[in-house]
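**Q** Below is the structure I would like to discuss, written out as structure tokens.
Numbering (this note's numbering), first residue to last: 72 to 598.
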């Protein structure tokens, strides 16, 4: 199997074996070979294995693909060819490297079925007739136990979304089938650091401090993504020296990387202090198979948790924001930060008239129920016309048209939403009367102009909103609107089409304004 020995920025070394006809390389996590290199394009190059050989093809990358210091578009690779992508170097080997001794073996991506049928006796070249019946029965019982444990682990993968339960099942397999004294599972966090996620010991001796894990072995597994087996630490220490193992009388060690869709997810580490028993190559095969299952479990659980968070976030956001903003937030959470942009918007204020009197004459439960029903009705109308629900203010509401996406029809959408709201309240009041609830009326103020739009607040809590004189003026217009009246500013009137016939009203002096403001009323008819 052909492979690349890869040196990434920061002198990170690892080997990637080409196991499929086409392998993608780039900075995007969806690639097969992911290079965390700013000079590498998101989709930089493609490796293709054909009967004629292995070819590399550049994907119109910004910084180019170089083979043996020559920029190429497509070329066949030979033994030892050096591929340069940004600051990353890939050395090509057309066939698998020479087999390593048992104390340093590559990760074996074996399925449980392959593992069960690969008996250690078969590896020794013996047949069942040459094996004593007692030993043969013990071997079969062991394989039956392994198969049952793997079956239970597979069931867990399909039925639970708790990593703790998966970890428990992993340790159950390791401690029942291998001579491990203890086991650890480490997870790689977002900063690339390894944190202990779970551990289990066969027996504890509280009088003695537990020996530390081997940093040498741990770093080798993490750096090269290979599984490591030291069957006899004292005998094999020359191949992989680890002072902590020898000093703490650890007799046998094995570790395997946990690989997922986005690369290295963690490490499973196990050791044995008793000199009477050591790990075998079969134990390493078992650990590799467990590591594969653990990688699948972590991918499954993290995907489920992400979908749960997105579903909850979508449920929360969609109560206040239109679909396009919700999609933008979930697609790029990093965009949700303090700050805003100046852009043209149409601000829509609506307020229930005589609400104070209504509150004084009705029970609180009645008022809450009435407001909830009214806000549901009003919000649906705002969303239907493409508006963004900014906030509820007591018995009032602020909506924005033209945020986040500006269009030439924002003022038209806002006025049509106001007309639909007034018409909808006619039928709504009939329903209130049938429920023996008092009717409500609403005044609406609309203004168009420049405002600062974006995420405003603190690092702990952000609101998507707009601020500026345009918003304040819309609020003032709403305050002068009578029950059932829609008042718009001259700026909004200029942005309307011929489908509206606004009625000019007397100019008004608004609070905070040095000059009188020309305003218009939008007439509407019951349907």
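In this text, a Cβ means the ideal position worked out from N, Cα and C, and glycines have one as well.
Could you give the distance in angstroms between the alpha-carbon of residue 242 and the alpha-carbon of residue 439?
**A** As a first step, residue 242 is located in the chain shown; it is residue number 171 there, counting from the start. As a first step, residue 439 is located in the chain shown; it is residue number 368 there, counting from the start. If I take the Cα positions, the gap works out to 54 Å.
**Q** Determine the closest residue to residue 340 out of 290, 333, 370, 372, with distance taken between C-alpha atoms.
**A** Here residue 340 corresponds to residue number 269 of the chain shown, with the count starting at 1. Cα-wise, what sits closest to residue 340 is 290.
**Q** Touching or not, the region 551-561 and the region 443-451, by the rule of three or more beta carbon pairs under 8 Å?
**A** No: the two stretches stay apart, fewer than three of their Cβ pairs being nearer than 8 Å.
**Q** Which two residues bound the contiguous alpha helix (DSSP H) that contains residue 145?
**A** Working through the chain shown from its first residue, we reach residue 145 at position 74. Taken as a continuous stretch (DSSP letters only), residue 145 belongs to no alpha helix (DSSP H), being part of the beta strand (DSSP E) at 145-147.
**Q** The alpha helix (DSSP H) that contains residue 540, what's its start and end?
**A** Residue numbering aside, residue 540 sits at position 469 when the chain shown is read from its first letter. Per DSSP, residue 540 belongs to the alpha helix (DSSP H) from 540-551.
**Q** In the structure shown, what three-state DSSP assignment does residue 483 receive?
**A** Here residue 483 refers to the residue found at position 412 of the chain shown. In this structure, residue 483 counts as helix in the three-state DSSP scheme.
**Q** Using 8 Å as the Cβ pair cut-off and three pairs as the minimum, do the region 507-523 and the region 556-576 touch?
**A** Touching, per the Cβ criterion.
**Q** Hey, could you find the ends of the alpha helix (DSSP H) residue 294 is sitting in?
**A** Reading the chain shown from its first residue, position 223 is the one you call residue 294. Unbroken alpha helix (DSSP H) run through residue 294: 286-295.
**Q** Mark residue 469 as exposed unless 16 or more other C-beta atoms lie within 10 angstroms of its C-beta, in which case mark it buried.
**A** Position 398 of the chain shown, counted from the start, is the residue given in the question as residue 469. By the 10 Å Cβ count, residue 469 comes out buried.
**Q** Around the C-beta of residue 477, are 16 or more other C-beta atoms found within 10 angstroms, so that it is buried, or is it exposed?
**A** The residue labelled residue 477 in the question sits at position 406 within the chain shown. With fewer than 16 Cβ atoms within 10 Å of its Cβ, residue 477 is classed as exposed.
**Q** Quick check: what's the CA-CA separation for residue 89 versus residue 165?
**A** Counting from 1 along the chain shown, the entry for residue 89 is found at position 18. Counting from 1 along the chain shown, the entry for residue 165 is found at position 94. Those two C-alpha atoms are separated by around 10 Å.
**Q** Within the same chain, show all residues whose beta-carbon is closer than 6 Å to that of residue 118, passing over the 5 residues directly before and after it, in chain order.
**A** Here residue 118 is taken as the residue at index 47 of the chain shown, counted from 1. So the list reads 94, 127, once near-sequence residues are dropped.
**Q** My output table needs one value for residue 116: the three-state DSSP class, helix, strand or coil.
**A** In the chain shown, the residue the question calls residue 116 occupies position 45. Residue state, collapsed to three classes: strand.
**Q** List the DSSP bridge partners of residue 328.
**A** Counting from one through the chain shown, the residue named residue 328 turns up at place 257. Answer is 338.
**Q** Kindly indicate which three-state DSSP category residue 317 falls into: helix, strand or coil?
**A** Here residue 317 refers to the residue found at position 246 when the chain shown is read from its first residue. The pLDDT assigned to residue 317 is 45, lower than 50, so where the model puts this residue is not dependable, and the model offers no usable value.
**Q** Inspect the beta-carbon positions of residue 298 and residue 250 and report whether they are closer than 9 Å.
**A** Counted from its first residue, the chain shown places residue 298 at position 227. Counted from its first residue, the chain shown places residue 250 at position 179. No. Outside cutoff.
**Q** Starting from residue 243, trace the beta strand (DSSP E) in both directions and tell me its first and last residue.
**A** As a working mapping, residue 243 is identified with position 172 in the chain shown. No beta strand (DSSP E) contains residue 243, which is instead part of the alpha helix (DSSP H) from 234-248.
**Q** Does residue 497 pass the burial test, meaning 16 or more other C-beta atoms within 10 Å, or should it be called exposed?
**A** As a position in the chain shown, residue 497 is number 426, starting the count at 1. Label assigned to residue 497: exposed.
**Q** First and last residue of the alpha helix (DSSP H) that includes residue 430?
**A** Here residue 430 corresponds to residue number 359 of the chain shown, with the count starting at 1. Unbroken alpha helix (DSSP H) run through residue 430: 426-432.
**Q** In the DSSP assignment, find the unbroken beta strand (DSSP E) run with residue 93 in it and report its ends.
**A** By one-based count along the chain shown, residue 93 stands at place 22. Run containing residue 93: 93-97, per the beta strand (DSSP E) assignment.
**Q** Give me the DSSP bridge partner(s) of residue 588.
**A** Your numbering for residue 588 matches position 517 in the chain shown. DSSP lists 579 as partners of residue 588.
**Q** Report all residues from its chain with a CB closer than 7 Å to the CB of residue 437; omit the five preceding and five following residues, and keep chain order.
**A** On the chain shown, residue 437 is found 366 positions in, with the first residue counted as 1. Taken in chain order, the residues that qualify are 508.
**Q** Taking the continuous alpha helix (DSSP H) assigned at residue 449, which residues delimit it?
**A** By 1-based counting over the chain shown, the position of residue 449 is 378. Residue 449 -> alpha helix (DSSP H) spans 435-455.
**Q** Residue 414 by DSSP, collapsed to three states: which one?
**A** Position 343 of the chain shown, counting from 1, holds the residue named residue 414. Three-state result, residue 414: strand.
**Q** Closer than 7 Å by C-beta to residue 466: which residues in its own chain qualify, once you throw out the five before and the five after it? Chain order, please.
**A** Locating residue 466 in the chain shown gives position 395, counting from the first residue. 422, 423, 426, 442.
**Q** If you run the structure through DSSP and keep just helix, strand and coil, what is residue 536?
**A** Here residue 536 refers to the residue found at position 465 when the chain shown is read from its first residue. DSSP places residue 536 in strand when its eight states are reduced to three.
**Q** So residue 562 is in the alpha helix (DSSP H); what residue range does that whole segment cover?
**A** In the chain shown, counting from the first residue as 1, residue 562 sits at position 491. Residue 562 -> alpha helix (DSSP H) spans 561-565.
**Q** State the start and end residues of the unbroken beta strand (DSSP E) segment that holds residue 474.
**A** Stepping through the chain shown from its first residue, residue 474 is reached at position 403. Where residue 474 is concerned, there is no enclosing beta strand (DSSP E), given that its DSSP letter is neither H nor E.
**Q** Let me confirm a value: residue 343 is counted as buried when at least 16 other C-beta atoms fall within 10 Å, else exposed. Which label applies?
**A** If you number the chain shown from 1, residue 343 lands on position 272. Buried, since its Cβ has 16 or more Cβ neighbours within 10 Å.
**Q** Could you pull the start and end residues of the beta strand (DSSP E) that residue 271 belongs to?
**A** Here the question's residue 271 lines up with position 200 in the chain shown. Its beta strand (DSSP E) spans residues 265-272.
**Q** Okay, do the region 98-116 and the region 128-138 touch, 3+ Cβ pairs below 8 Å being the bar?
**A** These segments touch.
**Q** Could you check where the beta strand (DSSP E) with residue 129 kicks off and where it finishes?
**A** Taking the first residue of the chain shown as position 1, residue 129 is located at position 58. 124-129 is the extent of the beta strand (DSSP E) around residue 129.
**Q** List the DSSP bridge partners of residue 419.
**A** Stepping through the chain shown from its first residue, residue 419 is reached at position 348. Paired residue(s): 470, 517.
**Q** Could you tell me the boundaries of the beta strand (DSSP E) in which residue 155 lies?
**A** Within the chain shown, the letter at position 84 stands for residue 155. Here the beta strand (DSSP E) through residue 155 covers 153-156.
**Q** DSSP state of residue 137, grouped into three classes?
**A** Numbered from its first residue, the chain shown carries residue 137 at position 66. Of the three classes helix, strand and coil, the one that applies to residue 137 here is strand, per DSSP.
**Q** With a 10 Å radius around its C-beta and 16 neighbouring C-beta atoms as the bar for buried, classify residue 504 as buried or exposed.
**A** Taking the chain shown and counting its residues from 1, one reaches residue 504 at position 433. Flag for residue 504 reads exposed.
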